[in-house]
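For reference, the structure is listed below as structure tokens.
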Amino acid sequence: MTTTVNTNTLGDAETTPKDDPLEIAGGATAKYVDQRLGSNRFLGRNLGKVFPDHWSFMLGEIALYSFIVVLLTGTFLTLFYKPSMVEVMYDGAYVPLKGVMMSEAYASTLDISFEVRGGLLIRQMHHWAALIFVAAIAVHMFRVFFTGAFRKPREFNWIVGVTLTALALGAGFTGYSLPDDLLSGTGLQIIRGILQSIPLVGTWAAFLVFGGEFPGTDIISRLYAAHILLIPGIILALITVHLMMVWTQKHTQFPGPGRTNDNVVGYPLLPVYMAKAGGFFFVVFGIIALIGGLVTVNPIWIFGPYTPDQVSAGTQPDWYIGWLDGALRLMPNIETVLFGFTISWNVLVPSVIIPGILFTGLALYPFLEAWATGDKREHNLLDRPRNAPVRTGIGVMAIVFYGILWIGGGNDIVATTFNMSINSISWALRVLLIVGPPIAFIITKRICLGLQRKDRDKLLHGYESGRVLRLPHGEFIEVHQPLNYKELAVIQGKEDIAVLPAPEKADADGVKNKLYPIHNLQHKLSSFFLRDNVDKPSKAEIEAGQAHAAHTAELEAPLHDYEDLDQDPVGHGGVLHHPGMAMTNQEQIDQRH
Ligand code: HEM
116 MTTTVNTNTL
126 GDAETTPKDD
136 PLEIAGGATA
146 KYVDQRLGSN
156 RFLGRNLGKV
166 FPDHWSFMLG
176 EIALYSFIVV
186 LLTGTFLTLF
196 YKPSMVEVMY
206 DGAYVPLKGV
216 MMSEAYASTL
226 DISFEVRGGL
236 LIRQMHHWAA
246 LIFVAAIAVH
256 MFRVFFTGAF
266 RKPREFNWIV
276 GVTLTALALG
286 AGFTGYSLPD
296 DLLSGTGLQI
306 IRGILQSIPL
316 VGTWAAFLVF
326 GGEFPGTDII
336 SRLYAAHILL
346 IPGIILALIT
356 VHLMMVWTQK
366 HTQFPGPGRT
376 NDNVVGYPLL
386 PVYMAKAGGF
396 FFVVFGIIAL
406 IGGLVTVNPI
416 WIFGPYTPDQ
426 VSAGTQPDWY
436 IGWLDGALRL
446 MPNIETVLFG
456 FTISWNVLVP
466 SVIIPGILFT
476 GLALYPFLEA
486 WATGDKREHN
496 LLDRPRNAPV
506 RTGIGVMAIV
516 FYGILWIGGG
526 NDIVATTFNM
536 SINSISWALR
546 VLLIVGPPIA
556 FIITKRICLG
566 LQRKDRDKLL
576 HGYESGRVLR
586 LPHGEFIEVH
596 QPLNYKELAV
606 IQGKEDIAVL
616 PAPEKADADG
626 VKNKLYPIHN
636 LQHKLSSFFL
646 RDNVDKPSKA
656 EIEAGQAHAA
666 HTAELEAPLH
676 DYEDLDQDPV
686 GHGGVLHHPG
696 MAMTNQEQID
706 QRH
């Protein structure tokens with residue numbers, strides 16, 4: 116068998132394949148493509164790329180795969196859905212609505228549900244995939260946040276992620292509105308209220324979006340364009356940018372044996388990740404198909420068509436919009452009339468100002484944290500959440516804040532389910548919204564610090580085995596076990612960052628430090644972030660601690676020998692003796708001196 120090496124026009128090596136027909140065909144195809152695209156060099160360079168392995172890195176993949184399912188199922192729906200608000204009389208298969216006047220959009224959604232073959236399955240898969248998409252994004256974002264994966268050099272990718280979150284909410288909301296049923300129409304009515312609450316331009320903005328008075332006849336076709344073209348197009352482009360950045364910046368990894376800030380320990384893309392990712396796509400697809408086939412979602416035929424003078428009772432928006440609804444429900448009714456203009460704080464604050472602050476804070480967080488801690492280094496090793504207690508506390512605080520608003524969005528359901536007054540629930544939630552997050556912050560921070568202390572203890576003394584051993588001279592010791600190399604590497608991966616020094620008001624020559632207030636703020640913030648952290652012991656201390664743990668474990672070894680022999684080690688008193696160990700109290704005292 117000969118191997119001929121030529122150089123093609125792109126300068127790459129050409130190899131004549133062997134005798135296997137598959138290899139010959141594959142090789143010929145690769146050559147054909149390579150001669151036109153120069154792809155061999157690119158693939159050769161990239162297919163062996165190493166990715167670190169951790170279950171939490173799968174969360175981004177779930178977001179990606181559910182988005183693909185959204186695209187596929189959504190394309191199917193566009194074949195039958197009519198984005199039109201023209202009034203028609205329903206004459207389809209769903210008998211309870213026969214003869215009812217409704218928009219073509221609503222009628223076509225009923226047709227997809229009852230008459231198009233597989234239509235309901237695909238509709239439900241689309242809806243479930245969208246719900247899972249947003250959930251996966253949220254959990255993926257938590258993973259990135261709590262492990263500090265957003266730190267230098269990944270801050271831009273974090274911003275791309277925050278934009279993707281906002282777009283996913285937009286995609287969800289615009290899609291939710293398309294069936295033009297009573298539930299989604301009520302949601303649009305709320306959007307109109309929100310737009311109108313914007314000072315000065317509110318009324319104009321609402322007219323612009325709805326093409327005149329609410330609900331008008333344009334909004335569904337406008338939402339359709341945004342839902343199937345604009346938003347998915349931008350999401351697709353941004354996902355591409357997002358993944359390209361993950362590719363070029365390389366993936367972060369958790370601390371572990373052999374892992375440093377400058378290397379990546381894991382498996383190559385081909386064949387390991389190709390197989391894993393391909394298989395995982397079908398798992399996600401299969402689960403969404405299963406849920407779509409078994410669990411009803413958004414049964415629009417129950418709600419009926421939208422009419423502006425009706426509101427559906429006891430209905431809820433999709434989970435990711437629930438917090439905004441809750442914010443609206445919890446806000447007290449405050450309005451101000453200024454120069455003849457009404458400012459509706461009751462709508463503006465919960466639906467524009469709070470989400471605006473949250474999303475801006477989220478986008479800027481990497482920069483704020485880097486500034487506050489003074490940590491400008493590159494981080495390719497992830498933090499364990501316990502090692503960044505303030506960050507973890509802030510994250511949990513945000514989740515609690517969100518959770519309380521979310522419960523607020525279902526205050527009517529809570530009231531009817533538990534037979535409670537809706538006003539009492541709203542008041543309790545208002546109070547909780549203010550006191551709950553700080554309490555969550557304090558508890559989380561304390562738990563993190565407790566875990567840090569436990570880690571320090573493990574480094575200094577090894578594991579507490581829980582076994583007490585009596586030595587020949589009468590002393591009782593608790594046997595400690597040294598850590599295994601993996602845990603040792605994980606715990607030692609903690610990075611200690613010093614609090615920024617307090618600035619001087621003036622230098623030695625008495626020249627005033629003009630930036631004193633800013634530097635002082637930075638010093639205080641860095642102290643807030645870092646001062647309570649439990650320092651990692653020095654290398655020598657760790658080695659001594661582990662050696663001591665190994666020594667106590669060794670003292671116990673003969674006991675295990677006896678156990679192995681299935682013999683009672685000592686008939687009376689459980690005393691073990693090792694060579695060189697004190698036998699009497701006097702010997703023990705002598706040894707101590
Ligand atoms: C359409 C939504 C999204 C998709 C499809 C997506 C997909 C992915 C994938 C597949 C990865 C690599 C695996 C992993 O670390 O999980 C990744 C990494 C990353 N994502 Fe996302 N993501 C999305 C949204 C977000 C959001 C909302 C954020 C944050 C606000 C974010 C921030 C990041 C960062 C910083 C990385 C790099 C992490 C590292 O190297 O450890 N992503 N994303």
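Per my numbering: the sequence shown = residues 116 to 708. Beta carbons are placed, not taken as given, at the ideal position from N, Cα and C, and that holds for glycine.
So is residue i buried or exposed if we call it buried at 16+ other beta carbons inside 10 Å?
i: residue 505; result: buried
i: residue 348; result: exposed
i: residue 200; result: buried
i: residue 438; result: buried
i: residue 666; result: exposed
i: residue 160; result: exposed
i: residue 162; result: exposed
i: residue 260; result: buried
i: residue 373; result: exposed
i: residue 554; result: exposed
i: residue 641; result: buried
Under DSSP, the beta strand (DSSP E) around residue i begins and ends at which residues?
i: residue 582; result: 578–585
i: residue 667; result: Per DSSP, residue 667 belongs to no beta strand (DSSP E); it is in the alpha helix (DSSP H), 654–670.
i: residue 592; result: 591–596
i: residue 218; result: 216–218
i: residue 453; result: 450–453
How many Å lie between residue i and residue j at the Cα?
i: residue 706; j: residue 613; result: 42 Å
i: residue 502; j: residue 511; result: 15 Å
i: residue 137; j: residue 145; result: 12 Å
i: residue 212; j: residue 297; result: 13 Å
i: residue 418; j: residue 493; result: 53 Å
i: residue 134; j: residue 155; result: 21 Å
i: residue 396; j: residue 244; result: 13 Å
i: residue 214; j: residue 202; result: 12 Å
i: residue 598; j: residue 169; result: 21 Å
i: residue 637; j: residue 258; result: 27 Å
i: residue 525; j: residue 470; result: 19 Å
i: residue 685; j: residue 605; result: With a pLDDT of 44 at residue 685, under the threshold of 50, the predicted position of this residue should be treated as unreliable, though the coordinate-derived value follows. Distance between the alpha carbons of residue 685 and residue 605: 39 Å.
i: residue 446; j: residue 462; result: 8 Å
i: residue 585; j: residue 593; result: 9 Å
i: residue 609; j: residue 370; result: 8 Å
i: residue 629; j: residue 623; result: 14 Å
i: residue 188; j: residue 249; result: 16 Å
i: residue 285; j: residue 341; result: 9 Å
i: residue 683; j: residue 572; result: With a pLDDT of only 47 at residue 683, under 50, the local geometry of the prediction cannot be trusted, and no value is derived from it.
i: residue 209; j: residue 416; result: 8 Å
i: residue 453; j: residue 237; result: 51 Å
i: residue 251; j: residue 174; result: 6 Å
Round the Cβ separation of residue i and residue j to the nearest angstrom and send it over; I've been treating them as touching at under 8 Å.
i: residue 596; j: residue 580; result: 5 Å
i: residue 508; j: residue 559; result: 4 Å
i: residue 367; j: residue 496; result: 7 Å
i: residue 634; j: residue 618; result: 4 Å
i: residue 294; j: residue 224; result: 4 Å
With H, G and I counted as helix, E and B as strand and the rest as coil, what does DSSP make of residue i?
i: residue 504; result: helix
i: residue 57; result: A question about residue 57 goes unanswered here, because the residues of the chain that appear run from 116 up to 708.
i: residue 366; result: coil
i: residue 497; result: coil
i: residue 390; result: helix
i: residue 511; result: helix
i: residue 271; result: helix
i: residue 683; result: In this predicted model, residue 683 has a pLDDT of only 47, less than 50, meaning its place in the structure is not dependable; the value taken from the coordinates is given anyway. Three-state result, residue 683: coil.
i: residue 383; result: strand
i: residue 399; result: helix
i: residue 410; result: coil
i: residue 136; result: helix
i: residue 616; result: coil
Say the cut is 7 Å; is the CB of residue i nearer than that to a heavy atom of the ligand GTP?
i: residue 261; result: Because the ligand GTP does not appear in the structure shown, any question about it cannot be addressed here, the ligands present being the ligand HEM.
What residue range does the alpha helix (DSSP H) around residue i cover?
i: residue 336; result: 334–340
i: residue 644; result: 631–645
i: residue 202; result: That residue, residue 202, is in no alpha helix (DSSP H); its beta strand (DSSP E) goes 202–204.
i: residue 612; result: Where residue 612 is concerned, there is no enclosing alpha helix (DSSP H), given that its DSSP letter is neither H nor E.
i: residue 484; result: 469–488
i: residue 427; result: Counting along the chain, residue 427 falls outside any alpha helix (DSSP H), and DSSP gives it neither H nor E.
i: residue 325; result: 317–325
i: residue 259; result: 234–261
i: residue 604; result: 600–607
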